[in-house]
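Q: Residue numbers (our numbering), protein chains in the order written: chain A, 10 to 243; chain B, 656 to 945.
For every residue, glycine included, the Cβ atom is placed at its ideal position computed from N, Cα and C.
Keep in mind that this is a model prediction, so the values were computed, not measured.
Mind looking over this structure? Questions follow.
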Amino acid sequence: MIHVRDLGYSFGGRPVLSALDLSLDKGRFAFLTGPSGSGKTTLLRILHGALPVQAGRAVVAGHDLCAIKPEKLHLLRRDVSVVFQDFKILPDRTVAENVALPLVVRGMARAKLERRLRSVLTALRLSEAADRPCAELAGGEQQRVAIARAVVAGPRLMLADEPTGNLDWDLALRLLDILRQFSAHGTAILMATHNRELVAAAPDAEVIELPALQSRPADCDVARAAAPDGEDEP
Amino acid sequence: MTSRELLAGVLDLLRRPWHLAAALAGVAVAVFLCGLLALAALAVDGAFSRGQGQIQFQVYWKAGADAGLVARQMDWMRALPGVVEARSFTPEQALAVMRHSLGRQADEALPAGRNPLPHTLLLGLRMPVDDPAYARDMYERLAAVEGVAEVRYNPVAVDMAQALGAAGRRVALPLGAIVALLVGLVVGNTVRLSMLRRREELEILRLVGATRWYVRLPMVCGAGLIGLCGASLAFVGLKLVQALLADVLAAPPLWLPLPFLPTGLVAATIVWTTLVAALAGLFAAEESHT
Chain A
10 MIHVRDLGYS
20 FGGRPVLSAL
30 DLSLDKGRFA
40 FLTGPSGSGK
50 TTLLRILHGA
60 LPVQAGRAVV
70 AGHDLCAIKP
80 EKLHLLRRDV
90 SVVFQDFKIL
100 PDRTVAENVA
110 LPLVVRGMAR
120 AKLERRLRSV
130 LTALRLSEAA
140 DRPCAELAGG
150 EQQRVAIARA
160 VVAGPRLMLA
170 DEPTGNLDWD
180 LALRLLDILR
190 QFSAHGTAIL
200 MATHNRELVA
210 AAPDAEVIEL
220 PALQSRPADC
230 DVARAAAPDG
240 EDEP
Chain B
656 MTSRELLAGV
666 LDLLRRPWHL
676 AAALAGVAVA
686 VFLCGLLALA
696 ALAVDGAFSR
706 GQGQIQFQVY
716 WKAGADAGLV
726 ARQMDWMRAL
736 PGVVEARSFT
746 PEQALAVMRH
756 SLGRQADEAL
766 PAGRNPLPHT
776 LLLGLRMPVD
786 DPAYARDMYE
796 RLAAVEGVAE
806 VRYNPVAVDM
816 AQALGAAGRR
826 VALPLGAIVA
836 LLVGLVVGNT
846 VRLSMLRRRE
856 ELEILRLVGA
866 TRWYVRLPMV
876 CGAGLIGLCG
886 ASLAFVGLKL
896 VQALLADVLA
906 APPLWLPLPF
916 LPTGLVAATI
926 VWTTLVAALA
936 GLFAAEESHT
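Have a look at this one:
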């Protein structure tokens with residue numbers, strides 16, 4: 010599902026990812042971990058086409074990211090869904106409207122859309138909130154809406170960027186459980202987190218550790234020259 | 656994309672009524688102010704050309720001409736292209752005017768019991784700028800009418816009218832272009848800023864796999880609709896202002912006619928505003944690309 014070889018990325022001359030190799034197969038669940046500034050978010054943004062591949066190769070869900078044209082990005086994003094820490098949902102729209110968005114943009118017929126929507130809302134225990142505007146929901150519910158939207162169209166790969174960052178421990182565990190259920194149904198999931206306890210809660214999941222580039226001797230001088238100490242990951 | 660999604664995209668505008676109202680108001684005010692300028696220019700031009708941009712012909716019929724025939728010939732002359740003013744005098748009316756002008760000397764100057772004055776018509780015509788032979792041709796047409804004894808006009812007035820017309824046309828085109836540019840800039844930026852408020856929504860649509868045109872088309876249509884409605888509102892307002900002012904200006908001492916803007920200009924402005932707004936919507940969609 011993900012095949013990355015020798016991937017490199019830098020912001021304004023400051024390397025963020027360097028010579029990264031990564032593989033993830035269909036239906037697998039993997040954590041993407043590493044200290045702040047190690048490039049987790051940058052990697053996820055590259056994998057769903059928000060950033061270009063600067064060096065190396067990356068093939069995601071059958072799409073060669075080095076060759077993909079901007080007007081074809083929507084094809085990649087129909088195969089690869091994303092969940093963000095800040096949810097990225099439309100607060101003035103209802104739960105159902107938010108969750109149905111990926112189906113609406115695909116032009117799915119109304120009856121089929123309704124069936125798919127109902128089943129996902131039920132699976133994520135959002136049926137009763139279907140007609141409520143998302144602005145009225147609690148953080149955990151909003152995150153479930155974001156996940157429901159990410160899985161409703163049956164993507165081949167789901168990328169999740171710190172999806173539990175705004176949730177308490179119980180909600181985080183529940184969300185992890187939901188994601189692993191979807192993974193068991195064939196969707197590969199790559200979840201970025203720096204929460205070690207959460208990683209420990211899923212001992213059978215793969216763990217992909219990104220090293221902090223500043224700690225690498227070869228990159229030390231470049232990083233020090235380009236960025237002040239403690240600068241956050243872009 | 657089906658028409659259902661397109662309609663839904665346009666209806667998205669209604670989700671933020673205050674933003675929509677602000678954008679509509681911005682467009683309407685810009686078009687209204689420029690329309691007001693055009694209306695003022697039209698009124699000034701009308702007043703100006705009434706005095707100086709036109710040429711006056713004096714048509715005299717032969718004494719004793721048949722009154723019925725003369726009346727029909729006068730009607731034909733009034734209907735000639737470019738006529739902006741026509742005043743006719745029967746021999747009796749002309750004599751009364753002359754008596755009034757001469758005052759006490761009238762009895763000595765005018766023979767009693769006999770009226771020597773003919774039927775007369777004063778014709779004011781607007782000079783076409785691009786036809787230097789217009790006055791001469793018109794003179795020949797009027798003089799050729801059966802029963803007409805004499806036609807007079809002032810060639811100096813012809814030259815002045817043509818010079819004024821040419822100057823007006825030279826000023827009108829660049830001025831019109833500047834106003835069109837101004838409307839374009841104000842409308843474009845107003846609509847663009849309004850549409851950029853949907854940046855996050857567009858970003859989310861792209862994230863869930865919307866095609867470029869799925870994102871662009873509702874933005875273009877929504878923005879175009881704002882342009883169309885804003886411009887239409889502006890012209891409704893202008894019509895109200897024109898209707899209110901027309902009576903006031905047409906009364907003494909101004910005697911200023913205030914016609915409404917020509918239909919072609921109104922239609923062209925609405926089309927222009929709609930196009931500019933639609934383009935601004937397209938730019939906003941592209942700008943919000945992440």
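Hey, out of Phe890(B), Cys884(B) and Leu880(B), whose CA is closest to Asp933(B)'s CA?
A: For the record, residue 933(B) in the displayed sequence is Ala; it is not Asp. The candidate whose alpha carbon is nearest that of Ala933(B) is Leu880(B).
Q: How many angstroms separate the CA atom of Lys121(A) from the CA atom of Leu184(A)?
A: Approximately 26 Å, taken between the alpha carbons.
Q: Where Arg125(A) and Glu218(A) are concerned, what is the direct C-alpha to C-alpha distance, given to the nearest angstrom?
A: Computed Cα separation, rounded: 35 Å.
Q: Restricting to Cα atoms, I'd like to know which of His203(A), Ile77(A), Leu74(A) and Arg153(A) is closest to Asp186(A).
A: Checked all of His203(A), Ile77(A), Leu74(A) and Arg153(A); the closest Cα to Asp186(A) is Arg153(A).
Q: So which residues on chain B does His83(A) lean against when the C-beta distance must stay under 7 Å?
A: In chain order: Gly864, Ala865 and Thr866.
Q: Check whether the segment 790-810 of chain B and the segment 742-759 of chain B are in contact - that is, three or more C-beta pairs closer than 8 Å.
A: Short answer: they don't touch.
Q: Kindly indicate if chain A contains any beta-carbon less than 8 Å away from that of Glu942(B).
A: No - not a single Cβ of chain A is within 8 Å of the one on Glu942(B).
Q: In chain A, which residues lie less than 7 Å from Tyr869(B) when you measure between Cβ atoms?
A: Residues of chain A passing the Cβ test: Val114.
Q: List, in order along the chain, the chain C residues whose C-beta lies closer than 7 Å to that of Asp101(A)?
A: Any reference to chain C falls outside this structure, whose protein chains are A and B.
Q: List the residues of chain A whose Cβ lies closer than 8 Å to the Cβ of Ile859(B), in chain order.
A: Those within 8 Å of Ile859(B) in chain A are Lys97, Ile98, Leu99 and Leu110.
Q: In this structure, how does DSSP classify His72(A) when only helix, strand and coil are distinguished?
A: If DSSP states are grouped into helix, strand and coil, His72(A) belongs with the strands.
Q: Taking C-alpha atoms, which residue in Val69(A), Gln63(A) and Ser27(A) lies nearest to Pro164(A)?
A: Checked all of Val69(A), Gln63(A) and Ser27(A); the closest Cα to Pro164(A) is Val69(A).
Q: Are any of the Cβ atoms in chain B nearer than 8 Å to that of Arg86(A)?
A: Closer than 8 Å to some Cβ of chain B, the Cβ of Arg86(A) qualifies, so yes.
Q: So what does Ser19(A) bridge to, in DSSP terms?
A: In DSSP, Ser19(A) forms a bridge with Pro24(A).
Q: Closer than 8 Å, CB to CB, is Glu80(A) near chain B or not?
A: Cβ-Cβ to chain B under 8 Å: yes for Glu80(A).
Q: Would you verify that the beta carbon of Val91(A) is, or is not, closer than 8 Å to some beta carbon of chain B?
A: By this cut-off, Val91(A) is an interface position.
Q: Hey, quick one: how far does the alpha helix (DSSP H) through Ile881(B) stretch, first residue to last?
A: Start and end: Arg867 to Leu904.
Q: Compare the beta carbon distance of Leu168(A) and Val89(A) with 8 Å and say whether it is the shorter of the two.
A: Cβ atoms of Leu168(A) and Val89(A): closer than 8 Å.
Q: Using a Cβ-Cβ cutoff of 8 Å, what residues of the segment 151-166 of chain A are near chain B? List them in chain order.
A: Cβ contacts with chain B come from Arg158 and Ala162.
Q: Let me know if Glu763(B) comes out buried or exposed under the rule of 16 or more other beta-carbons within 10 Å of its beta-carbon.
A: Flag for Glu763(B) reads exposed.
Q: Go ahead and pull the three-state DSSP assignment for Glu763(B).
A: The answer is helix: DSSP assigns Glu763(B) an H, G or I state.
Q: Taking the alpha carbon of Ala898(B) as the reference point, which residue from Val682(B), Leu691(B), Met729(B) and Trp716(B) has its own alpha carbon closest?
A: The residue with the shortest Cα to Cα distance from Ala898(B) is Leu691(B).
Q: State the DSSP-derived secondary structure class of Ala933(B), mapped to helix, strand or coil.
A: DSSP places Ala933(B) in helix when its eight states are reduced to three.
Q: Quick check on the DSSP output: what are the complete alpha helix (DSSP H) runs of length 4 or more inside the segment 141-229 of chain A, in order along the chain?
A: Complete alpha helix (DSSP H) runs here, min 4: 148-160, 178-193 and 205-209.
Q: If you run the structure through DSSP and keep just helix, strand and coil, what is Leu840(B)?
A: Note: Leu840(B) maps to helix in three-state DSSP.
Q: Would you check if the distance between the CB atom of Leu158(A) and the CB atom of Val891(B) is smaller than 8 Å?
A: This sequence places Arg at residue 158(A); Leu is not what is there. Cβ distance not < 8 Å, so Arg158(A) and Val891(B) don't count as in contact.
Q: Measuring alpha carbon to alpha carbon, tell me which residue in Val25(A), Ala64(A) and Lys35(A) is nearest Leu16(A).
A: For Leu16(A), the nearest C-alpha among the options comes from Ala64(A).
Q: Could you check whether the Cβ of Cys689(B) sits closer than 7 Å to any heavy atom belonging to the ligand NAD?
A: Summarising the ligand content, the structure contains no ligands, and the ligand NAD is consequently not present.
Q: Give every residue of the same chain whose Cβ lies closer than 8 Å to the Cβ of Ala227(A), excluding the five residues on either side of it in the sequence, and list them in chain order.
A: Confidence is the limiting factor: at Ala227(A) the pLDDT is only 41, short of 50, which leaves the residue's position unreliable, though a coordinate-based value still follows. Same-chain partners within the cutoff: there are none.
Q: Considering only residues of the same chain and omitting the five flanking positions on each side of Thr634(B), which have a CB-CB separation below 8 Å?
A: What the structure shows of chain B is the stretch from 656 to 945, and residue 634(B) is not part of that stretch, so it cannot be assessed.
Q: Considering only the beta carbon of each residue, do Thr202(A) and Glu171(A) sit closer than 8 Å?
A: In this structure, Glu171(A) lies closer than 8 Å to Thr202(A) by Cβ.
Q: Which residue wins for smallest C-alpha separation from Thr918(B), given the options Ala906(B), Glu941(B), Ala901(B) and Leu893(B)?
A: Closest option to Thr918(B), Cα to Cα, is Leu893(B).
Q: Whole angstroms is fine: what's the gap from His83(A)'s alpha carbon to Leu828(B)'s?
A: Each residue's Cα considered, the two are about 46 Å apart.
Q: Is it the case that the segment 778-787 of chain B contacts the segment 728-746 of chain B, given that we only count it when at least three CB pairs across the two stretches are under 8 Å?
A: Verdict: yes, contact present.
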